[in-house]
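Sequential numbering of the sequence shown, starting at 109, is according to this note's numbering. Using N, Cα and C, we set each Cβ at its ideal position, and we do this for glycine too. Structure, as C-alpha coordinates:
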Amino acid sequence: MELQTALATLIMPPFAPLVGLLMAFVFWFFPASTPVAKLSLPLAILCFITLWICATPAFSGWLGQRLVHSLPEAPDMEPTAVVVLGGGRYRDAQSGAERLSAASLERVAWAAGQGPEKLPILVSGGRVYSEEKAPEADLMADALENLFQRPVTWRENCSRTTAENATNSAALLHDSGVEGVLLVTHWWHMPRAAESFARAGIQVRPLPVGSAGELVPRAENGLLRWLPSAAALLRSQVYWRELVADQWYRWRPLPSRRTC
(Lines of atoms letter the chains of each structure in order from A; the text may use other names.)
(Lines give C-alpha, C1' and ligand atoms only; values in the text may rest on other atoms or scores of the structure.)
Protein backbone atom coordinates (compact mmCIF):
# COMPACT_ATOMS: atom_id res chain seq x y z
CA MET A 109 0.00 0.00 0.00
CA GLU A 110 2.97 2.32 0.57
CA LEU A 111 3.98 1.90 -3.09
CA GLN A 112 0.44 2.64 -4.26
CA THR A 113 0.35 5.81 -2.15
CA ALA A 114 3.72 6.90 -3.49
CA LEU A 115 2.64 6.37 -7.10
CA ALA A 116 -0.54 8.37 -6.50
CA THR A 117 1.55 11.22 -5.12
CA LEU A 118 3.63 11.32 -8.31
CA ILE A 119 0.62 12.16 -10.49
CA MET A 120 -0.96 14.76 -8.22
CA PRO A 121 -0.09 18.42 -7.80
CA PRO A 122 2.18 19.88 -6.55
CA PHE A 123 4.73 17.11 -7.22
CA ALA A 124 4.89 17.27 -11.03
CA PRO A 125 5.20 21.10 -11.29
CA LEU A 126 7.84 21.10 -8.55
CA VAL A 127 9.85 18.46 -10.40
CA GLY A 128 9.56 20.58 -13.55
CA LEU A 129 10.86 23.62 -11.69
CA LEU A 130 13.78 21.57 -10.39
CA MET A 131 14.58 20.39 -13.92
CA ALA A 132 14.43 23.98 -15.19
CA PHE A 133 16.91 25.01 -12.49
CA VAL A 134 19.29 22.20 -13.54
CA PHE A 135 18.93 23.06 -17.24
CA TRP A 136 19.89 26.68 -16.50
CA PHE A 137 23.45 25.56 -15.68
CA PHE A 138 24.00 23.99 -19.10
CA PRO A 139 25.94 26.03 -21.71
CA ALA A 140 23.76 28.89 -22.94
CA SER A 141 23.96 27.79 -26.58
CA THR A 142 22.52 24.32 -25.96
CA PRO A 143 18.81 23.53 -26.56
CA VAL A 144 18.49 22.27 -22.97
CA ALA A 145 19.57 25.64 -21.55
CA LYS A 146 17.14 27.49 -23.82
CA LEU A 147 14.37 25.24 -22.50
CA SER A 148 14.95 26.18 -18.87
CA LEU A 149 13.02 29.48 -18.82
CA PRO A 150 9.93 28.27 -20.76
CA LEU A 151 9.82 25.14 -18.60
CA ALA A 152 10.04 27.19 -15.40
CA ILE A 153 7.26 29.53 -16.56
CA LEU A 154 5.03 26.60 -17.56
CA CYS A 155 5.51 24.83 -14.23
CA PHE A 156 4.92 28.01 -12.26
CA ILE A 157 1.66 28.72 -14.10
CA THR A 158 0.55 25.08 -13.66
CA LEU A 159 1.24 25.15 -9.94
CA TRP A 160 -0.56 28.50 -9.59
CA ILE A 161 -3.65 27.24 -11.42
CA CYS A 162 -3.79 23.98 -9.45
CA ALA A 163 -3.80 25.97 -6.21
CA THR A 164 -6.71 28.25 -7.16
CA PRO A 165 -10.30 27.78 -5.97
CA ALA A 166 -11.45 28.16 -9.59
CA PHE A 167 -9.51 25.08 -10.70
CA SER A 168 -10.40 22.95 -7.67
CA GLY A 169 -14.05 23.88 -8.17
CA TRP A 170 -13.87 22.87 -11.83
CA LEU A 171 -12.39 19.49 -10.86
CA GLY A 172 -15.13 19.05 -8.26
CA GLN A 173 -17.82 19.59 -10.88
CA ARG A 174 -16.21 16.89 -13.05
CA LEU A 175 -16.68 14.49 -10.14
CA VAL A 176 -20.31 15.52 -9.67
CA HIS A 177 -21.04 14.85 -13.33
CA SER A 178 -19.38 11.42 -13.19
CA LEU A 179 -21.74 10.10 -10.51
CA PRO A 180 -23.79 7.23 -11.97
CA GLU A 181 -27.55 7.55 -11.98
CA ALA A 182 -29.18 6.05 -8.90
CA PRO A 183 -31.41 3.02 -9.58
CA ASP A 184 -35.09 3.09 -8.68
CA MET A 185 -35.08 0.74 -5.71
CA GLU A 186 -35.78 0.62 -1.98
CA PRO A 187 -32.56 0.14 0.00
CA THR A 188 -32.58 -2.43 2.79
CA ALA A 189 -29.28 -1.52 4.50
CA VAL A 190 -26.87 1.35 5.10
CA VAL A 191 -23.18 0.96 4.20
CA VAL A 192 -20.61 3.33 5.69
CA LEU A 193 -17.12 3.44 4.17
CA GLY A 194 -14.08 4.28 6.27
CA GLY A 195 -12.14 7.47 5.57
CA GLY A 196 -8.96 6.95 7.58
CA ARG A 197 -7.75 7.15 11.15
CA TYR A 198 -5.37 9.07 13.37
CA ARG A 199 -2.66 7.16 15.22
CA ASP A 200 -0.46 8.57 17.96
CA ALA A 201 3.20 7.83 17.18
CA GLN A 202 4.15 7.58 20.86
CA SER A 203 1.35 5.57 22.43
CA GLY A 204 -0.09 3.93 19.30
CA ALA A 205 -3.58 5.05 20.33
CA GLU A 206 -5.99 5.21 17.40
CA ARG A 207 -9.15 7.15 16.68
CA LEU A 208 -11.26 7.92 13.66
CA SER A 209 -10.09 10.69 11.35
CA ALA A 210 -12.29 13.72 10.83
CA ALA A 211 -13.48 12.27 7.51
CA SER A 212 -14.41 8.89 9.04
CA LEU A 213 -16.17 10.48 12.00
CA GLU A 214 -18.11 12.76 9.66
CA ARG A 215 -19.29 9.75 7.67
CA VAL A 216 -20.32 7.92 10.82
CA ALA A 217 -22.23 10.95 12.11
CA TRP A 218 -23.89 11.43 8.71
CA ALA A 219 -25.04 7.80 8.63
CA ALA A 220 -26.44 8.07 12.15
CA GLY A 221 -28.24 11.33 11.43
CA GLN A 222 -29.41 10.79 7.84
CA GLY A 223 -29.78 7.03 7.57
CA PRO A 224 -33.21 5.57 8.41
CA GLU A 225 -33.17 4.01 11.88
CA LYS A 226 -35.03 0.94 10.65
CA LEU A 227 -32.22 -0.10 8.30
CA PRO A 228 -29.30 -2.27 9.51
CA ILE A 229 -25.81 -0.81 9.16
CA LEU A 230 -22.64 -2.25 7.65
CA VAL A 231 -19.30 -0.53 8.33
CA SER A 232 -16.43 -1.26 5.97
CA GLY A 233 -12.71 -0.75 6.50
CA GLY A 234 -9.71 -2.79 7.60
CA ARG A 235 -6.06 -2.18 8.37
CA VAL A 236 -4.37 -0.35 5.50
CA TYR A 237 -0.88 -0.37 7.02
CA SER A 238 0.82 -3.02 9.13
CA GLU A 239 1.35 -0.72 12.13
CA GLU A 240 -2.38 -0.17 12.57
CA LYS A 241 -4.01 -2.03 15.44
CA ALA A 242 -7.78 -2.23 15.21
CA PRO A 243 -9.64 -2.53 11.90
CA GLU A 244 -11.24 0.74 10.91
CA ALA A 245 -14.63 -0.98 10.87
CA ASP A 246 -14.29 -1.63 14.61
CA LEU A 247 -13.51 2.02 15.29
CA MET A 248 -16.56 3.10 13.27
CA ALA A 249 -18.80 0.52 14.92
CA ASP A 250 -17.71 1.66 18.39
CA ALA A 251 -18.51 5.26 17.49
CA LEU A 252 -21.91 4.39 16.08
CA GLU A 253 -22.88 2.26 19.05
CA ASN A 254 -21.36 4.32 21.87
CA LEU A 255 -21.73 7.89 20.59
CA PHE A 256 -24.87 7.66 18.46
CA GLN A 257 -26.64 4.61 19.95
CA ARG A 258 -27.01 2.98 16.54
CA PRO A 259 -26.42 -0.77 16.45
CA VAL A 260 -24.09 -2.16 13.77
CA THR A 261 -25.16 -5.39 12.10
CA TRP A 262 -22.08 -6.15 9.98
CA ARG A 263 -18.39 -5.30 10.35
CA GLU A 264 -16.37 -5.73 7.17
CA ASN A 265 -12.87 -5.42 8.61
CA CYS A 266 -10.49 -6.76 5.94
CA SER A 267 -10.65 -4.24 3.08
CA ARG A 268 -7.89 -1.71 2.35
CA THR A 269 -9.21 0.03 -0.79
CA THR A 270 -12.53 1.17 -2.22
CA ALA A 271 -12.58 -1.83 -4.57
CA GLU A 272 -12.06 -4.20 -1.63
CA ASN A 273 -14.76 -2.31 0.31
CA ALA A 274 -17.16 -3.16 -2.49
CA THR A 275 -16.13 -6.81 -2.96
CA ASN A 276 -16.05 -7.71 0.72
CA SER A 277 -19.21 -5.78 1.62
CA ALA A 278 -21.11 -7.30 -1.31
CA ALA A 279 -20.24 -10.80 -0.09
CA LEU A 280 -21.60 -10.06 3.39
CA LEU A 281 -24.71 -8.37 2.06
CA HIS A 282 -25.52 -11.08 -0.48
CA ASP A 283 -25.24 -13.71 2.25
CA SER A 284 -27.93 -11.77 4.15
CA GLY A 285 -30.16 -11.27 1.11
CA VAL A 286 -29.43 -7.55 0.72
CA GLU A 287 -29.32 -6.30 -2.88
CA GLY A 288 -29.73 -2.52 -2.48
CA VAL A 289 -28.13 -0.10 -0.02
CA LEU A 290 -27.78 3.51 1.01
CA LEU A 291 -24.07 4.22 0.57
CA VAL A 292 -22.45 6.75 2.89
CA THR A 293 -19.16 8.36 1.93
CA HIS A 294 -18.03 11.87 1.00
CA TRP A 295 -19.49 13.33 -2.16
CA TRP A 296 -16.10 13.45 -3.93
CA HIS A 297 -15.54 9.75 -3.22
CA MET A 298 -19.08 8.71 -4.13
CA PRO A 299 -18.68 8.26 -7.94
CA ARG A 300 -15.86 5.72 -7.59
CA ALA A 301 -17.46 4.00 -4.60
CA ALA A 302 -20.94 3.74 -6.14
CA GLU A 303 -19.56 2.35 -9.39
CA SER A 304 -17.45 -0.21 -7.51
CA PHE A 305 -20.45 -1.43 -5.52
CA ALA A 306 -22.57 -1.62 -8.68
CA ARG A 307 -19.89 -3.77 -10.34
CA ALA A 308 -19.92 -6.00 -7.24
CA GLY A 309 -23.65 -6.59 -7.70
CA ILE A 310 -25.05 -4.15 -5.13
CA GLN A 311 -27.54 -1.48 -6.15
CA VAL A 312 -26.62 1.87 -4.65
CA ARG A 313 -28.59 4.91 -3.65
CA PRO A 314 -26.01 7.56 -2.70
CA LEU A 315 -26.19 9.27 0.68
CA PRO A 316 -23.17 11.56 0.24
CA VAL A 317 -21.59 13.61 2.97
CA GLY A 318 -21.60 17.23 1.82
CA SER A 319 -21.60 18.63 -1.69
CA ALA A 320 -19.24 20.32 -4.13
CA GLY A 321 -20.50 23.81 -3.33
CA GLU A 322 -20.31 23.82 0.45
CA LEU A 323 -16.56 23.12 0.56
CA VAL A 324 -15.78 26.46 -1.11
CA PRO A 325 -15.69 29.31 1.45
CA ARG A 326 -17.75 32.35 0.58
CA ALA A 327 -14.55 34.44 0.61
CA GLU A 328 -13.34 32.62 -2.49
CA ASN A 329 -15.35 34.71 -4.92
CA GLY A 330 -14.42 37.13 -7.66
CA LEU A 331 -10.70 37.79 -7.88
CA LEU A 332 -10.02 35.53 -4.89
CA ARG A 333 -11.05 32.54 -7.00
CA TRP A 334 -7.85 33.00 -9.01
CA LEU A 335 -5.47 33.51 -6.09
CA PRO A 336 -3.69 30.34 -4.90
CA SER A 337 -4.28 28.95 -1.43
CA ALA A 338 -3.26 25.84 0.50
CA ALA A 339 -6.91 24.84 0.96
CA ALA A 340 -7.62 25.00 -2.77
CA LEU A 341 -4.48 23.00 -3.55
CA LEU A 342 -5.54 20.31 -1.09
CA ARG A 343 -8.96 20.10 -2.73
CA SER A 344 -7.32 19.85 -6.15
CA GLN A 345 -5.22 16.94 -4.88
CA VAL A 346 -8.26 15.09 -3.54
CA TYR A 347 -10.38 15.62 -6.65
CA TRP A 348 -7.54 14.88 -9.06
CA ARG A 349 -6.83 11.61 -7.27
CA GLU A 350 -10.48 10.57 -7.45
CA LEU A 351 -10.77 11.34 -11.16
CA VAL A 352 -7.62 9.35 -11.98
CA ALA A 353 -8.57 6.50 -9.63
CA ASP A 354 -12.04 6.28 -11.17
CA GLN A 355 -10.53 5.75 -14.62
CA TRP A 356 -8.02 3.26 -13.21
CA TYR A 357 -10.79 1.24 -11.58
CA ARG A 358 -12.72 1.04 -14.85
CA TRP A 359 -9.79 -0.66 -16.58
CA ARG A 360 -9.20 -3.21 -13.84
CA PRO A 361 -11.36 -6.09 -12.61
CA LEU A 362 -12.63 -6.00 -9.06
CA PRO A 363 -10.39 -7.88 -6.64
CA SER A 364 -11.43 -11.17 -5.09
CA ARG A 365 -12.86 -11.16 -1.59
CA ARG A 366 -10.03 -10.45 0.81
CA THR A 367 -9.63 -12.36 4.05
CA CYS A 368 -7.56 -11.32 7.04
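Check	Outcome
Around the Cβ of residue 358, are there at least 16 other Cβ atoms within 10 angstroms (buried) or fewer (exposed)?	exposed
Per DSSP, residue 192 forms a beta bridge with which residues?	231, 292
In the DSSP assignment, the alpha helix (DSSP H) including residue 143 goes from what residue to what residue?	143-162
Pairing CB atoms from the segment 129-139 with CB atoms from the segment 305-320, are three or more of them under 8 Å?	no
Between which two residues does the alpha helix (DSSP H) containing residue 359 stretch?	338-359
Please identify the residue among 192, 360, 216 whose C-alpha is closest to the C-alpha of residue 251.	216
Among 277, 271, 253, whose alpha-carbon lies nearest the alpha-carbon of residue 264?	277
For residue 340 versus residue 164, is the C-beta spacing smaller than 8 Å?	yes
Measure the C-alpha to C-alpha separation of residue 171 and residue 320 and round it to an integer number of angstroms.	10 Å
Going by DSSP, what residue range makes up the alpha helix (DSSP H) through residue 129?	123-135
Closest to residue 315 by C-alpha separation, out of 125, 344, 222, would be which residue?	222
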